[in-house]
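In our numbering, the protein residues as written are 23 to 665. Cβ coordinates follow ideal geometry from the N, Cα and C atoms, glycine included.
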RNA sequence: GGGGGUGUAGCUCAAUUGGUUAGAGCGCUGCCCUGUCACGGCAGAGGUUACGGGUUCGAGCCCCGCCACUCCCGCCA
């Protein structure tokens, strides 16, 4: 009671000294400042008078006694309004509070009565006996609950994005943002310890229409010219190496105007890194150190290093994908030799055409439904295959012997069957799936099916992957170039600045397909976390790549990359770098499949922001200033003339 | 650009084969309640079944269109 008086008289004094009339507890500009966060109070605080500020998380009104849990960013604490200690009006005010009102509460920390501790929250041994309440703001009834994690996590994402400020109040979302901040800071401090400089690069850049579609920004000062938002700071960071920065990093915002996915947003953040006078090993060691520190900071886990390395070719051969999830087996097995002379023409014919036969054993999936087999067949067809060959290994009709149920087994010889049994370790209950096609296609078909089978086995409880298992992997020795049949020309598998492996340089002009790039991807649990390369630092090699292999006309090369080739003439050090997808990194650490859950204000699958309703149309004057004429117009919502 | 899924009360979901007045839990409003923490009890309000057409005696359900969200393919040097 006395304390209440003290606070109010103190407020009054403060207000008077500023010459502002004080209107009691309704004063808007001054309030009781918090002394503790809502996750802080423990038995050690018993007896202290403290102040909490935050939101009404939940209210339990027992009539003669009211419990209110106050929540702030850090946690929550139970406060008790007991009419025997309080002025009546204060108790009435407490009864009128509803979820998410903003309050400051002052009271005495006390032990909870025996048997009423709440083991679910860290502050559950104590409570605050309220002596003063200040309502800082009322809240309307919410469009969805933020206090119940079970319901809140199921709320339609559309609604969550529209009221993102409410969604972010949920402790689960607050935790994600907190972890993101911690990791960003750990990254900066690690890079600083390693001698890197954080340099900001422009986000108003030049259009370089290789690769992803760009966001364009019209230039008001010269009609018909545009900036582009960078897809990555690639060129700038290489120029910084020419500039002698030696070790650069940046938490860089990047923009790509491509369709979205759960793990792709039109703007995203990458940990962008570049170093001079290094080779691939230096990058591996640096990133392994960074990951170690990040995992320790975020999850208190010790990540073993160095990471395993696997070549692109081996990754495809064993897992059918260049970002393998190695937390489970089900590897692909090659049967090209075994079926070379098979009477089953689908197999032997593919081999005669220069293709391969591969198979995988989905252990325990013999009971696959017709629908599941159809889904897998669709995957195969999407790669151009005619169908999907399979064998269900099940108990025979007699209940004792094991039978291979499949439309194709009748074509197999005993030797072929024996090869399958041995190499795939076939047992009752297995499902064997085949791909017979060109090497890459066959691998990719089974790679896709392998992941699908794992999903099915997971839902059936036959495959269990611990949540804290992180299989890091370097994928290396990618082909430098791919060939586009339709356009009849070579393209960079990654980007045109990637240096060829030194031993392969002679093949550049004779057999480009054979040239491996000094490129590396860092993969964890089937997710591509990042990638990079040692760059070309000799202008003549770079020119060869641009003009002879990528067949970009010299004038165009000059127009688009001239400044870079120029820079390289004046002493470019050997250099290389890497970029890690920061949003994906945080999503993995948070255990969520969608990066929207780790971005404060993400966009929907159509690239809109439901809270601000952007993108939106602009005024005719704005368009005129930018020399822009809009040809296709969205029908405007007609404003009815005023009555 | 293409394929799949979803859309019913403020929220999460039901609604048999197309058949009476579209239900439940939570939330909300009112009343009661001094140890709750998913408080409890009683009562009540709340619906253009996303939207626009169509078929039918009759549509939440079937058909066509359209919008939004979502997952995937293409795309993402």
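| query | result |
| --- | --- |
| Distance between residue 363 and residue 486 (C-alpha atoms, nearest Å) | 40 Å |
| Sheet register partners of residue 512 (DSSP bridge) | 505 |
| Residue 101 burial status per 10 Å Cβ neighbour count (16 or more: buried) | buried |
| Residues bridged to residue 274 (per DSSP) | 292 |
| Distance CB(residue 295)-CB(residue 521) smaller than 8 Å | no |
| Same chain, Cβ closer than 6 Å to residue 57, neighbours up to 5 away in sequence not counted | 72 and 73 |
| Whole-angstrom distance between residue 257 and residue 554, CA atom to CA atom | 13 Å |
| Segments of 4+ residues assigned as alpha helix (DSSP H) that fall wholly inside the segment 165-225 | 171-174, 179-184, 186-189 and 193-215 |
| Continuous alpha helix (DSSP H) stretch holding residue 349: start and end | Where residue 349 is concerned, there is no enclosing alpha helix (DSSP H), given that its DSSP letter is neither H nor E. |
| Length-filtered (4 minimum) alpha helix (DSSP H) runs lying within the segment 436-496 | 436-446 and 461-481 |
| For residue 122, three-class secondary structure by DSSP | coil |
| Reference residue 546; option with closest CA among 450, 508 and 345 | 345 |
| Validate contact between the segment 263-281 and the segment 209-219 using beta carbons, cut 8 Å, 3 pairs | yes |
| Where the alpha helix (DSSP H) containing residue 339 begins and where it ends | 334-341 |
| Validate contact between the segment 268-286 and the segment 233-250 using beta carbons, cut 8 Å, 3 pairs | yes |
| Local Cβ density within 10 Å of residue 328, reported as buried at 16 or more and exposed below that | exposed |
| Residue nearest to residue 136 in terms of C-alpha spacing, selected from 148, 478, 144 and 143 | 148 |
| Rounded straight-line distance, which links the Cα of residue 145 to that of residue 504 | 59 Å |
| Straight-line gap, residue 610 to residue 176 (C-alpha atoms, nearest Å) | 20 Å |
| Test item: CB-CB of residue 458 and residue 368 under 8 Å | yes |
| Limits of the unbroken alpha helix (DSSP H) element including residue 374 | 367-374 |
| Exposure of residue 43, with buried meaning 16 or more beta-carbon neighbours within 10 Å | Interpretation of residue 43 is limited by its pLDDT of 36, a score under 50 that renders its predicted location unreliable; the figure taken from the coordinates is listed afterwards. Classification for residue 43: exposed. |
| For residue 542, three-class secondary structure by DSSP | strand |
| Classification of residue 226 by the beta-carbon crowding that lies within 10 angstroms, buried from 16 upward | exposed |
| CB contact flag (residue 539, residue 300, <8 Å) | no |
| For residue 150 and residue 99, believed in contact at Cβ under 8 Å, the rounded distance | 6 Å |
| Reference residue 282, options 548, 107, 402 and 617, closest by Cα | 617 |
| Which of helix, strand or coil DSSP assigns to residue 425 | strand |
| Where residue 261 falls: helix, strand or coil (DSSP) | helix |
| Neighbour-count burial assignment, residue 129, 16 or more Cβ in a 10 Å radius | buried |
| Neighbourhood of residue 70 by C-beta, 8 Å cutoff - its chain only, sequence neighbours within 5 removed | 130 and 131 |
| Backbone secondary structure at residue 567 - three-state DSSP | helix |
| Alpha helix (DSSP H) segment containing residue 535, residue limits | Careful: residue 535 lies outside any alpha helix (DSSP H) and carries neither H nor E. |
| Cβ-based burial, residue 11 [other Cβ within 10 Å; buried from 16] | This structure does not reach residue 11, given that the chain is present from 23 up to 665, and the question cannot be answered. |
| Sub-8 Å separation of residue 190 and residue 622 beta-carbons | yes |
| Under 8 Å between C-beta atoms of residue 571 and residue 475 | no |
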